[in-house]
Amino acid sequence: MRVHRNAAAGCALLLALAVAGCTGPDDPTGATDAAPAAPSESPTPTTPTTPTTPTTAYAPYVSATTASTTDTAGSPTTYNLAFVISSSEDDCTPRWNGVQDVDDASVASRVEKLTSSGATVRVSFGGASGTELAAACDSASALAAAYGAALDAAGATQADFDIEGDELADAGSRALRSEAIALLQEQRKDLEVSFTLPVMPSGLDTDGLALLSSANDHGVQVSTVNLMTMNYGESYTDDMGDYALSSAKAAHTQLKDVFGTSDADAWRGMALTSMLGVNDVAGETFTLADAAEVRAFAEEKGIAWVSMWAAFRDRQCGGDASAQDALTDCSGVEQESGAFAEAFAG
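Heads up: the sequence shown begins at 1 in our numbering, then just goes up one per residue.
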């Protein structure tokens, strides 16, 4: 289902996604990797043009609880801390991976080290495993409080909602989540929200579009829609870099439609996350060449950030460098440690 919004509604929603295209509330002021506001007047051009920092940030997914030697490769702008979920279907208490308290001292120490270089952290809620908090909490206020507790523990003003599987299709948790996020943004004016969603080379599916529609209807200010360019299915055995670009192009058309924004702002409201090396689906292997291709495309289009699952897999497996199945702690391809991070960072 594609959602058509009038111009006023689109501007009210896309505080960060359509920075230059809408007149709306004040921009969030927290340090993020979102696009800066356009200047009121263009500066006088100079010759030659002074090189500028690439606009596409690098923001890998990392474990919130366990450090890896490859975490800092590529000098990330932001770290996506994975994942805050519930410990059970009827427990509204946020926990890292469903087991560790969000305010655990070891996690706080880890966040302090990650941010010592000036990088920020984004708390990612959900993921492919366990119970997402929206399926466990029984009210929007309780859910907003759970989200807020995790953000406060990490000292974060950025929240990522990785919604997939059964919970992506569940209308009840979808509405509750949207209501809670909107409430949280009322309480935290600097909160930047991204949604991480599965995608196919043909674009977002009806459940992903329904989630964005729900956020739209509840007035959630969406900064970025992060596309999981991975795990398409066993019939997708061709070039994974090409599939990632096809997915981005198809979703770009959808985001323009959903949010009623311009070409440029729809690109800037997008992020791309690839699963490095051997993927979960047989026959899918994302190579270093694919990573370089995605990075170049993201810079060309002005995409907000690129990411990968995950920093702790960015190294060659011991013994035989290749693997038939995706492994949790290595890529399954021949590489130097941190090579994917360097390719994605550009």
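A virtual CB, placed ideally from N, CA and C, is assigned to each residue, including glycine. All values derive from a computational prediction rather than experimental measurement.
In this structure, how does DSSP classify R295 when only helix, strand and coil are distinguished?
Position 295 of the sequence shown, counted from the start, is the residue given in the question as residue 295. Of the three classes helix, strand and coil, the one that applies to R295 here is helix, per DSSP.
Report yes or no: do three or more beta-carbon pairs, one from the region 317 to 326 and one from the region 63 to 78, lie closer than 8 angstroms?
no
Going by the DSSP bridge assignment, what does I85 pair with across the sheet?
Residue numbering aside, residue 85 sits at position 85 when the sequence shown is read from its first letter. DSSP, once it has assigned bridges, lists R95 as partnering I85.
Candidates L276, C137, E89 and D103: which alpha carbon is nearest T131's?
One-based indexing of the sequence shown puts residue 131 at position 131. Comparing Cα positions, the closest option is E89.
How close, in whole Å, do the beta carbons of A298 and V306 come, if the pair is a contact with beta carbons under 8 angstroms?
Mapped onto the sequence shown, residue 298 falls at position 298. Mapped onto the sequence shown, residue 306 falls at position 306. That pair is a contact at about 5 angstroms.
With distances taken Cα to Cα, identify the nearest neighbour of L176 among D207, M200 and C137.
On the sequence shown, position 176 is the one that residue 176 refers to. Put simply, of D207, M200 and C137 the residue whose alpha carbon is nearest the alpha carbon of L176 is C137.
I need the boundaries of the alpha helix (DSSP H) containing D257, first residue and last residue.
By 1-based counting over the sequence shown, the position of residue 257 is 257. Note, D257: alpha helix (DSSP H), M240 to F259.
So which of V278, R313 and M270 has the shortest CA-CA distance to N231?
Start at 1 with the first residue of the sequence shown, and residue 231 comes out as number 231. Out of V278, R313 and M270, V278 has the C-alpha closest to the C-alpha of N231.
List the endpoints of the continuous beta strand (DSSP E) containing N226.
Against the sequence shown, residue 226 aligns to sequence position 226. Per DSSP, the continuous beta strand (DSSP E) segment holding N226 begins and ends at V222 to T229.
With DSSP collapsed to three states, give me the class of T285.
For the purposes of this step, residue 285 is taken as residue 285 along the sequence shown, with counting starting at 1. Strand at T285.
When the Cα atoms are used, what is the spatial distance from A343 to D242?
In the sequence shown, the residue the question calls residue 343 occupies position 343. In the sequence shown, the residue the question calls residue 242 occupies position 242. So the two alpha carbons sit approximately 16 angstroms from each other.
Mapping DSSP to helix, strand and coil, what is N80?
On the sequence shown, position 80 is the one that residue 80 refers to. N80: strand per DSSP, three-state reduction.
Have a look at G233, D207 and R110 and flag the residue whose alpha-carbon is nearest the alpha-carbon of V281.
Indexing the sequence shown from 1 puts residue 281 at position 281. For V281, the nearest C-alpha among the options comes from G233.
Quick one: using the 10 Å Cβ neighbour count with 16 as the cut-off for buried, is E112 buried or exposed?
The count along the sequence shown starts at 1 and reaches residue 112 at position 112. If you draw a 10 Å sphere on the C-beta of E112, you find fewer than 16 other C-beta atoms in it, and that means exposed.
May I ask you to list the residues that DSSP assigns as paired with L272?
For this step, residue 272 is matched to residue 272 along the sequence shown. Per DSSP, L227 and V306.
May I have the straight-line CA-CA distance separating Q185 from E334, to the nearest angstrom?
Mapped onto the sequence shown, residue 185 falls at position 185. Mapped onto the sequence shown, residue 334 falls at position 334. Whole-angstrom Cα-Cα distance: 44 angstroms.
Given that a residue counts as buried once 16 or more other Cβ atoms are within 10 Å of its Cβ, and exposed if not, what is E192?
What you label residue 192 is simply residue 192 of the sequence shown in a count that begins at 1. So E192 ends up on the buried side.
Any idea if E300 is buried or exposed, counting beta-carbon neighbours within 10 angstroms, 16 or more meaning buried?
Residue 300 sits at position 300 when you count from the first residue of the sequence shown. It is exposed - the Cβ of E300 has fewer than 16 other Cβ atoms within 10 Å.
With DSSP as the reference, label S213 as helix, strand or coil.
In the sequence shown, counting from the first residue as 1, residue 213 sits at position 213. S213 falls in the helix class under three-state DSSP.
Given A251, which residues of its chain have a CB within under 8 angstroms of its CB, disregarding the five upstream and five downstream residues?
Numbered from 1 along the sequence shown, position 251 holds the residue referred to as residue 251. Once the five neighbours on either side are set aside, the close Cβ partners of A251 are V199, G203, L204, V225, L227 and M270.
If you reduce the DSSP assignment to three classes, tell me which class G203 lands in.
Locating residue 203 in the sequence shown gives position 203, counting from the first residue. Three-state result, G203: strand.
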